[in-house]
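Numbering (the UniProt record's numbering), first residue to last: 1 to 416. The next block holds one structure in the form of structure tokens; read it before the comments.
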Amino acid sequence: MSRLPGKRARPVLRGPRRSNAPGLPDEAIGERGPHRLHHLLSRAVWDEQAVLKRTVAWAVDLLDDGDGILIADETGDAKSSTDAVAAARQYSGSVGGVALCQVAVHLTFATSAGHCLIDRRLYFTKEWAADEERRELTGVPDELCFATKPHLAQDMLRTAGRQGIPASFFLGDEVYGGRELRSACRELGLGYVVGVRSNHQVATPAARLSVAQVAARLPKRAWQRMRTGAGQKGVRDYDWAMIEVIADDAPDGHDLDTGTSVLLVRRHRYTRTVSYYRCFAPGPVTLARLVSLVCRRWRVEDDFQDAKEICHLDKGQVTCWNSWHRWSVIALVAYAFLAVAAALERAAQTGRNDPAEADLVPLSSHELLRLRRALILPPPRRDRPHLLWWSTWRRRHQHRARLCHRRWHAYADTTP
């Protein structure tokens, strides 16, 4: 991952500075302005990485059941301006296609007890990473260079390994099915279950074929119908098949024949839609085990949804590198607390075996937050003088911003 050549810097007259504070409840918590929260996110002296590391160690220790897994996936947050760090027109499934957004790769730690996000990396497009001017304006460190999403996931896996996070498998979708990331998993002692595209090539004992060709040649007896979980509308059943393939991702110094390397194929019962997964386990592995791992990959999607809805992971209206990382740490710490607390309460409910709780759904992070807001957290400030003061502050701030924008456009129109 070499540093991309940057564009030549050009003189810039800076326009109105955008706020580095996200949608924090400045008004609700009684502050007389956003300046303290701006300071916390941009200039205050504190180590956000150390905070995240201690939080992750606490959460993993309480959730660990001896069968932890790590799951990587990316999510995008829509933006209205390219002033924000790493904001560019790019694809993101969470925003529904190609749009102006920030994209970050996240890592989830999951067990049967619960799951939470434990790390993140902001993704730069090649063009954005090569733009020296925008890098300087947003405070991106000089040593950082363009890295693909699989490279970012690999970096987080190595970080998790150095922190001693116990995990047996890595899970990811088609974005994370490349050979280099799979090889890194084996080097770290992890098995993996990763999605691959239909044209992905595998070597079987008979021939080298695409995974679609392998699936087309499977006899009927190779398919097994297995339940993959239950949703709001009932159980979900798919047809599954497992085919032995020859490994192509052994790290240096490792034997290709070590472990179990297979291709897992899933077929929808009615639509006949087929999905493919490249799998490796350091030892013997069953079809049921691999199917359960495929189903657990969706834990990261649940984490994205909950972290955005209840901890506002996607609401950080920040411009700079430092502010983005601090805002994301604040959101991840809050979500880890709620996720772990809800998991502990679910375990206690199971242990109590109380008949009065037999007809209740398990406690969720959403419900736990409602209870804490009602019973523990102080109510937001809503007195008349405070609300009127904030109304005046907003109108004055908007007036100043309007004047700054007009001066900037006047300069831009007259500058050759």
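Note that CB positions come from ideal geometry on N, CA and C, so glycine has one too.
Checklist entry - In this structure, does DSSP put L209 in helix, strand or coil? => result strand
Checklist entry - What does DSSP give as the partner residues of M242 in its beta bridges? => result L264
Next on the checklist: What would DSSP say about F304, mapped onto helix, strand or coil?
Outcome noted: helix
Item to check | Y276 in three-state terms, based on DSSP | outcome: strand
Next on the checklist: Quick check on DSSP: helix, strand or coil for S94?
Outcome noted: helix
Item to check | Span separating the alpha-carbon of A184 from that of F170 | outcome: 10 Å
Item to check | A130, enclosing beta strand (DSSP E) - first and last residue | outcome: From DSSP, A130 is part of no beta strand (DSSP E); its letter is neither H nor E.
Next on the checklist: Let me make sure I understand the geometry here. Which of D383, I330, A348 and D413 has the alpha-carbon closest to that of V51?
Outcome noted: I330
Next on the checklist: Quick check on DSSP: helix, strand or coil for I330?
Outcome noted: helix
Next on the checklist: For a test of the three-state rule: what should DSSP assign to Q163, helix, strand or coil?
Outcome noted: coil
Checklist entry - Going by other Cβ atoms of all chains shown within 10 Å of its Cβ, with 16 needed for buried, is N322 buried or exposed? => result buried
Next on the checklist: At the level of alpha carbons, what is the spacing between N261 and A153?
Outcome noted: It should be pointed out that residue 261 corresponds to Ser in this sequence rather than to Asn. Their Cα atoms are separated by approximately 21 Å.
Checklist entry - So L293 and W240 are in contact, right, with Cβ under 8 Å, and what is the actual spacing, rounded? => result At roughly 12 Å, the Cβ-Cβ gap does not stay under 8 Å, so L293 and W240 are not in contact.
Next on the checklist: Residues in the same chain with beta-carbon distance under 8 Å from A203, minus the five sequence neighbours each way, listed in chain order, please.
Outcome noted: V245, I246 and D248
Checklist entry - Which value, in whole angstroms, describes the spacing of the CA atoms of A99 and R373? => result 35 Å
Item to check | D61 - containing alpha helix (DSSP H), residue span | outcome: E48 to L63
Next on the checklist: For V85 and V60, what's the separation of their Cα atoms in angstroms?
Outcome noted: 30 Å
Checklist entry - Which residue or residues does DSSP assign as beta-bridge partners of H115? => result A110
Checklist entry - With a Cβ-Cβ cutoff of 8 Å, do Y176 and P150 count as a contact? => result yes
Item to check | Runs of beta strand (DSSP E) lying entirely within the stretch 156 to 202, each at least 3 residues, in chain order | outcome: 169 to 172 and 191 to 196
Next on the checklist: Below 8 Å on the Cβ atoms is my contact criterion, and I expect R382 with L363 to pass it. Report the Cβ-Cβ distance as a whole number of Å.
Outcome noted: Between L363 and R382 the Cβ distance is about 29 Å, and since that is not below 8 Å, they are no contact.
Checklist entry - Hey, how far is the Cα of V196 from the Cα of W46? => result 41 Å
Checklist entry - Is it a yes or a no for the stretch 299 to 309 touching the stretch 103 to 123, going by three-plus beta-carbon pairs under 8 Å? => result yes
Checklist entry - What's the C-alpha gap between I243 and V291? => result 13 Å
Checklist entry - In terms of residues, what are the limits of the alpha helix (DSSP H) holding A374? => result S365 to L375
Checklist entry - For D257, does the three-state DSSP call read helix, strand or coil? => result coil
Item to check | Contact with chain C by H312, beta-carbon distance below 8 Å | outcome: Any reference to chain C falls outside this structure, which holds one protein chain only.
Item to check | Nearest to L40 (by Cα), restricted to the options W324, R221, D252 and H254 | outcome: W324
Checklist entry - Going by alpha carbons, who is nearest to residue 417 out of D314, Q49 and L70? => result The question about residue 417 has no answer here: the residues shown for the chain are numbered 1 through 416.
Checklist entry - Going by beta carbon distance, what residues of the same chain come within less than 7 Å of V211, once the five residues before and after it are set aside? => result V196, S198, H200, V202, L263 and Y276
Next on the checklist: Taking a contact to mean a Cβ-Cβ separation below 8 Å, would you say A348 touches C116 in this structure?
Outcome noted: no
Item to check | Cβ-Cβ separation, A104 to T75 (assumed contact under 8 Å), whole Å | outcome: 7 Å
Checklist entry - Which whole-angstrom value describes the C-beta separation of C101 and D73, a residue pair presumed to lie in contact below a C-beta threshold of 8 Å? => result Contact flag wrong, Cβ pair sits at about 15 Å.
Item to check | P34 Cβ short of 7 Å to the ligand PLP heavy atom set | outcome: For the ligand PLP, the structure offers nothing, since it holds no ligand at all.
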